[in-house]
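Data block below; observations after.
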Amino acid sequence: MVIRVLRSVSAAAVVGSLALSCCMTPTMGAQQAAPPTAPAPIDPAAYRFADKLLKQMTLEEKVGQMTQVALNSPDGPGVEDRIRKGLVGSLLFIKDPNEINRMQKIAMEESRLHIPLLIGFDVIHGYRTIYPVPLAMAASWEPETAEKAQRMAAREASSFGIRWAFAPMVDIARDPRWGRIMEGAGEDPYLGARMAEAQVRGFQGKDLSDPDTLLACVKHFAGYGGAVGGRDYDSANLSDDQLYNVYLKPYQAAVNAGAGSLMSAYMDLNSVPATGNKWLLHDVLRDQWKFPGFVVSDWESVKSLTTHGFTADDHDAAVRAVNAGVAMEMTSHTYREQLPSAVQKGEVSIATIDGAVREILVAKYRLGLFKNPYADLQRNAAETLSEEQRAATRHAATRTAVLLRNEGKLLPMKQAPRTLAVIGPLADAQADTMGSWSLAGHPEDTITVLQGLKKRFPTSEIRSTKGVEIWRDQRSIFDDQFPDPKPTLTTEEAKKAEFDRAIEMVRNSDMTVLVLGEAQTMSGERASRASLTLPGKQQELLEAAVATGKPVVLVLMNGRPLDITWASQHVPAILDVWYPGTEGGNAVADLLSGDANPGGKLPITWPRSVGQVPLYYADNLTQIASEPNTRYWDSSSAPLYPFGFGLSYSSFAVSNVHAASETLRMGQPLQVSVDVQNTSDTAGDDVVQLYVHQRAGSASRPVRELKAFQRISLKPHESRTVTLTLQPNELTYWSASSRSWVTEPGTYDVWTGDSVKADLHTTFTLVR
Ligand code: BGC
């Protein structure tokens, strides 16, 4: 069983006896309808089934359905008895399929109403087979890659009896100090929305009642990525312009794709904690978006409402969370302890309780759990870490890598080097190669870069050593499962000897692959940083390796952009593989050898230094337009690498942009075509990107906004005309001046190319 560091709710500041019954003032005043889209309705049979069951339930049983117990919390032991009494609706952090079946059997056979448990888990990027982290998946610019990865993860996890994934995480993140930037799709709402939908489709499959699906849980609603200073769990202060036009976009896309559940966020949004934020959970989610699923809190985030200074005590917290729209409480116990009396006192209506329970029962019904909630052990044996799973994650890892530099075409290695040095703290690091949130992954299943290269180049003489060690002093949230290996080099002499040994290896080898970056505990939850430098003495190692004059390839493993400004000028080849997962080392070998050609693009603007953050491309141009990159006197304000950027072993020419019409009527799509040619002898992929700018409007509009893209594969010297469609709703935005959704007539710029720097330009005029 996973042992997870328990989050304790700090001594709650009890703020008087503010017995606010439910709804605080909405965060925003305006209540306009969102662009008119909505999820498909749920089969009425599910509601009929739930309603019938509801009529038979006691209040305690209803609150039981609204309670999720974490088996690695103090609440875990003895949970069987509460399941038997019908007092538990869901479990998390239970991994053994036999254990899951045992718990389900108690629920199905020994509880009065035979209601199955919903077993949840953080299936973020794989279960036992680990796929590249979500930020990497976004770098594929290929929603199919994300969909396939989550489909495979769903197949594997469901074979263990898990039917609910706490994913996708769709929080927009524009500050790489925030550790959780790794769990999402980066900075852009359009790319984020496409990745969100794809993952929902992957998890939930064609029919949720198929036994190999997972109910998606889109998180963390909403604005968590806006944490002040990139500090995890800190408040987010986001204007309605930012919320509606940026942060909420991927959520609505996921809801429209049919996501069955949502998780409320930890932090407060404009001073109203997300878990008690009625505006967010009700007005936006239900009234505007027509979300038919249910909302679960984050870990103890109901109880934490008191820590925020929002609620007075547990009772107040339970009342206000449920009245705001949180149907299920994760881990803390305020619902089960407080809701029955709150109903008796009239602070929570029975209709509210019934509404929440109904949504939860509907989800269980849709998953087919009432018919069969059990793990299929045969399928489990066949699916777990199968060849098909390994092949799928290896393929995904080749699609997600981004080639940042390749001077003198150092890569790919055309032939096996006679001698190869594979150096760095991450060169042979199994747990780190998986990345954070690999809670059911086994480090020993993982192929490291060293192993992958040895296999790929069996005739080369391959030497390896760490050179330097990296570790995190402060405990990480997953320390009990993946404790950071403590440094073995404890004296200055030992450290120097190891460093020198590594540089000697570089000097004596034809080629060196340096694998640097962050250990898995250095990014993810509770893993924010105040700097973006390569941790430890990795920079020194890199500089000394380059100083030997031998060819050096830098392979980066990271959950966030790191400060590689020096490397970007001095290291001839840089390949960012993020955290590539179980088959990471084989995928890196595929890429370095040229068996696969990197085609990923950055899903995030790459800053030069931490002082530039937050830095993102879709800002507004203000004052002195001619000098947008000189906003600091001591640094360029331009990024090191722009959004959408990535090289390939091929080269491409993009030309001849053509908009199907110069005048566009509102509500009509616009086809924009562009010619792409592979101008090299190597087959490869390019990502054609379309950006739009509205020249004038009721509010300032960003300099560019991504509105369509397509990843294409071209044979050597092949040319293709790619047609991208600008969907009419992509021109609609929330105007902070009219406080409504608007689509405004006028002139629009269009750029196409293969990064945000795209310079092929055309315009169109939008008319009513
Ligand atoms: C995280 C969630 C996660 C939950 C359960 C929380 O701390 O914020 O993303 O799903 O724990 O592990």
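Residue numbers -33 to -1, 1 to 735, in mature numbering (1 follows the signal peptide of the UniProt record, and there is no 0), belong to the letters of the sequence shown in order.
No residue lacks a Cβ here, since even glycine has one placed at the ideal position from N, Cα and C.
Taking the Cβ atom as the reference point for each residue, do residue i and residue j lie within a distance shorter than 7 Å?
i	j	result
residue 787	Ala626	Coverage of the chain is limited to positions -33 through 735, which leaves residue 787 absent and any answer about it impossible.
Trp131	Gly87	yes
Pro539	Glu374	yes
Gly391	Val262	no
Ala221	Val185	yes
Thr273	Ala284	yes
Gln511	Ile470	In the sequence as presented, Gln is not what sits at residue 511; that position holds Ala. Yes, the Cβ-Cβ distance between Ala511 and Ile470 is below 7 Å.
Lys331	Pro83	yes
residue 746	Ala556	Look at the range of the chain in this structure, -33 to 735, and you will see that residue 746 is not part of it.
Gln71	Ala113	no
Tyr341	Asn587	no
Thr413	Thr549	yes
Would you list the one or two residues that DSSP bridges to residue i?
i	result
Leu558	Leu558 pairs with nothing; no bridge assigned.
His625	Ser640
Arg430	Ala388
Glu672	Val659
Tyr608	Trp573
Gln677	Val655
Ser231	Phe188
Gln35	Ser57 and Met297
Val482	Val522
Arg372	Ile541
Ala203	Ala194 and Leu236
Thr692	Gln638
Arg632	Val734
Tyr715	Gln661 and Phe731
Asn645	Phe619
Thinking just about the alpha-carbon of each residue, which of the options is nearest to the one in residue i?
i	options	result
Thr25	Lys52, Pro6, Ala12 and Phe16	Lys52
Glu19	Ile591, Asp321 and Asn645	Note that residue 19 corresponds to Lys in the displayed sequence, not to Glu. Checking every option, the nearest Cα to that of Lys19 belongs to Asp321.
Thr630	Gly548, Tyr584, Asp716 and Gly561	Asp716
Tyr616	Ile390, Leu377 and Glu66	Leu377
Gly128	Pro64, Arg79, Leu181 and Met75	Pro64
Ala675	Thr34, Leu542, Val659 and Arg346	Val659
Asp138	Thr180, Glu27, Leu336 and Ala105	Ala105
Asn39	Met297, Val310, Val90 and Thr365	Met297
Val643	Ser125, Ala318, Leu85 and Asp721	Asp721
His362	Tyr98, Arg49, Pro636 and Gln23	Tyr98
Ser271	Pro240, Leu248 and Phe258	Pro240
Thr4	Glu66, Leu252 and Thr515	Leu252
Pro581	Ser78, Gly196, Val315 and Thr413	Gly196
Arg493	Lys504, Lys338, Gln506 and Arg442	Arg442
His81	Glu28, Met33 and Trp708	Glu28
Could you tell me how far apart the beta carbons of residue i and residue j are, in whole angstroms, since I believe they sit closer than 8 Å?
i	j	result
Gln656	Leu673	6 Å
Tyr546	Met401	6 Å
Thr367	Gly551	That pair is no contact at about 10 Å.
Gly613	Pro565	7 Å
Ser319	Val293	Before going further, note that residue 319 is Thr rather than Ser in the sequence given. So it is not a contact: roughly 11 Å between Cβ atoms.
Ile50	Ala17	Not confirmed; about 20 Å, so no contact.
Asp530	Thr500	5 Å
Lys62	Ala407	6 Å
Ile571	Glu154	5 Å
Leu420	Val480	7 Å
Here's the rule I'm using: 16 or more other beta-carbon atoms within 10 Å means buried, otherwise exposed. How should residue i be labelled?
i	result
Thr732	exposed
Arg161	buried
Trp718	buried
Ala725	buried
Asp562	exposed
Lys682	exposed
Glu350	buried
Asp399	buried
Arg632	exposed
Asn525	buried
Thr44	Looking at the sequence provided, one finds Pro at residue 44 rather than Thr. Its Cβ having fewer than 16 others within 10 Å, Pro44 is exposed.
Gln397	buried
residue 754	Since the displayed the chain opens at -33 and closes at 735, residue 754 lies outside it and no answer follows.
Lys216	buried
Gln(-3)	Any reading at Gln(-3) must be qualified, since the residue scores a pLDDT of 34, below 50, and its modelled position is unreliable; the value itself is stated next. By the 10 Å Cβ count, Gln(-3) comes out exposed.
Pro41	exposed
Val734	exposed
So does residue i have its beta carbon nearer than 6 Å to some heavy atom of the ligand ATP?
i	result
Ala288	What this structure holds is the ligand BGC, not the ligand ATP.
Counting only beta-carbon separations shorter than 7 Å, does residue i have a partner in chain B?
i	result
Leu336	The structure shown has no chain B; it contains just one protein chain.
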